[in-house]
Amino acid sequence: MARRQVDEVRDGVELTSLDAEAFDGAGVTKRALLDHLDAVAALLLPALADRPLSVVRARPGQAPFMQKNLPRGAPDWIPTVDVWADSSQRTVHYPLCHDRRTLLWFGNQRAVEFHPTLVPHGATTTGELVVDLDPPDGAGFDRVVAAAHPVRAALAELGLAAAVKTSGATGLHLVVPLSEPLPVDDAFAATRAVCARAAALAPDVATTAFIRDDRGGRVFLDPTRVGGATLAAPYSPRTRPGLPVSFPLTWDELDRVTPADFTVGTVAGLLAGRPTWAELRPAPAPLPEVLLTEGRAIPVPRVAAMHEGKRRKRARERGE
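Quick note: the sequence shown uses my numbering, first residue 54, plus one each step.
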């Protein structure tokens with residue numbers, strides 16, 4: 054097989070097909086993707102360090118796909134961690150991305166999205182809560198912004214504060230630093246309570262309904278981003294036309310920006326003089342015990358949805 058032409062070498066990584074589209078319909082070249090990853094490497098890598106990494110890759114002529122295992126033929130200098138996956142009953146050999154060289158290698162493989170786990174490998178505690186705001190299909194960004202404000206208000210009532218970033222798609226991610234490590238199950242419970250409080254403040258705007266058909270056009274406050282779950286990293290591109298980027302914001306900016314403002318073509322020029330994701334994170338605060346009490350009384354969304362789905366199926370079968 055003929056060896057592919059190398060267009061450029063960066064940090065010892067051979068880069069190819071740089072002038073080709075990053076993926077079909079991207080409207081952006083692979084070179085632009087790699088230039089962005091290079092520009093944000095110092096900001097992106099801390100979010101990836103020591104965390105099992107899933108990436109979304111996009112090959113020409115194929116739909117983007119999530120990749121968890123480090124592919125065969127990857128350089129031997131990319132470390133991995135083995136994690137047992139209950140859902141698929143197999144061991145997944147997750148890569149770790151600690152340096153620019155690894156980041157560029159992934160970019161050359163057309164890895165567009167970078168989704169690290171929310172805690173380092175082997176960790177049983179977390180130092181933050183995460184609320185993922187997921188708007189209904191076709192909703193404008195103003196809808197998800199409107200739902201973010203009651204989450205912020207609910208947190209403020211508890212003496213907590215969140216940093217906010219675009220998801221890079223249509224939603225927002227809110228991250229709440231904690232002053233004391235919290236067991237992952239307790240963090241899940243506390244996040245359920247925060248979401249329930251926020252939805253109660255704005256029931257016409259936000260919901261905690263896990264079943265999509267029950268959301269009634271409202272923004273879903275997703276409390277399930279905890280522990281070994283993944284989240285698009287700050288400054289990660291997303292596999293959408295134009296390659297929008299998950300971008301950290303101040304709360305004052307929320308009402309006057311859109312996700313399309315932050316792409317692999319614009320972000321590098323926006324970094325100078327603005328605070329980084331690390332600098333935007335508020336001071337860690339203690340978690341009120343009331344959140345754990347409230348959250349433990351709220352059913353785990355996926356389990357509750359499964360039982361409700363079975364109940365509805367039985368009702369249909371009975372003709373109710």
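By construction, the Cβ of each residue, glycine as well, lies at the ideal position given by its N, Cα and C atoms.
What are the boundary residues of the alpha helix (DSSP H) that Trp158 is part of? 153-161
So who's on the other strand from Gln120, going by DSSP bridges? Val108
Do Pro354 and Pro276 have their CB atoms nearer than 8 Å? Contact: yes.
With C-beta atoms as the reference, is Pro117 less than 8 Å away from Val165? Annotated as proximal: Pro117 and Val165, with beta-carbon spacing under 8 Å.
Ala242 beta carbon less than 8 Å from that of Leu345: yes
Quick check on Pro148: buried or exposed, where buried means 16 or more other Cβ atoms within 10 Å of its Cβ? The residue is buried, with at least 16 neighbouring Cβ atoms inside 10 Å.
Mind pulling the alpha helix (DSSP H) runs of 4 or more residues that sit fully within the stretch 150-223? 153-161, 194-210
Whole-angstrom C-beta distance between Val320 and His89, which should lie under 8 Å: 6 Å
Are the CB atoms of Pro290 and Gly221 nearer to each other than 8 Å? yes
Please confirm whether Arg153 and Ala94 have their CB atoms less than 8 Å apart. Their beta carbons are under 8 Å apart, which means Arg153 touches Ala94 by this criterion.
According to DSSP, His226 sits in a beta bridge with which residue or residues? Beta-bridge partners assigned by DSSP to His226: Asp185, Lys218.
Applying the 10 Å Cβ sphere with the 16-neighbour rule, what's the burial state of Asp72? exposed
Could you check whether the stretch 196-215 touches the stretch 255-265, counting it as contact only if at least three pairs of C-beta atoms, one from each stretch, sit closer than 8 Å? With contact defined as three or more Cβ pairs closer than 8 Å, the stretch 196-215 and the stretch 255-265 are in contact.
Run the CB neighbour count on Trp137, radius 10 Å, all protein chains shown included, and call it buried at 16 or more, exposed below. exposed
Which whole-angstrom value is the C-beta distance of Pro189 and Arg268, which I expect to be below 8 Å? 6 Å
Exposed or buried, Trp330, counting other C-beta atoms within 10 Å across all chains shown (16 or more means buried)? Counting every other CB atom within 10 Å of its CB across the protein chains shown gives Trp330 a total of 16 or more, marking it as buried.
From what residue to what residue does the alpha helix (DSSP H) around Leu87 run? The continuous alpha helix (DSSP H) containing Leu87 extends over residues 83-101.
My guess is that Asp185 and Gly126 are in contact by the Cβ rule of under 8 Å, so how many angstroms apart are they, rounded? Cβ-Cβ separation between Asp185 and Gly126: approximately 34 Å, too far for a contact (criterion under 8 Å).
Pull up the CB-CB distance for Ala214 and Ala338, whole angstroms please, since I reckon it's below 8 Å. 7 Å
Whole angstroms are fine: how far does the CA of Glu342 sit from the CA of Ala240? Ala240 and Glu342 have their C-alpha atoms roughly 11 Å apart.
With hydrogens ignored, establish whether the beta-carbon of Phe159 is closer than 7 Å to any heavy atom of the ligand SAH. As far as ligands go, the structure on display features none, and thus does not contain the ligand SAH.
Here's a check: name, in chain order, each residue in its chain whose Cβ is nearer than 8 Å to the Cβ of Ala313, leaving out the five neighbours to either side. Gly295, Pro297
Got a sec, what are the start and stop residues for the beta strand (DSSP E) Arg349 sits in? Premise fails: Arg349 lies in the alpha helix (DSSP H), 342-349, not in any beta strand (DSSP E).
Looking only at its chain, what residues have a beta carbon closer than 7 Å to the beta carbon of Ala251, apart from the 5 residues adjacent to it on each side? Pro203, Val204, Ala207, Ala259, Leu274
Determine the extent of the beta strand (DSSP E) in which Val317 is found, giving its start and end residues. Val317 -> no beta strand (DSSP E), and no H or E assigned at all.
Buried or exposed (CB count within 10 angstroms, at least 16 for buried), Val317: buried
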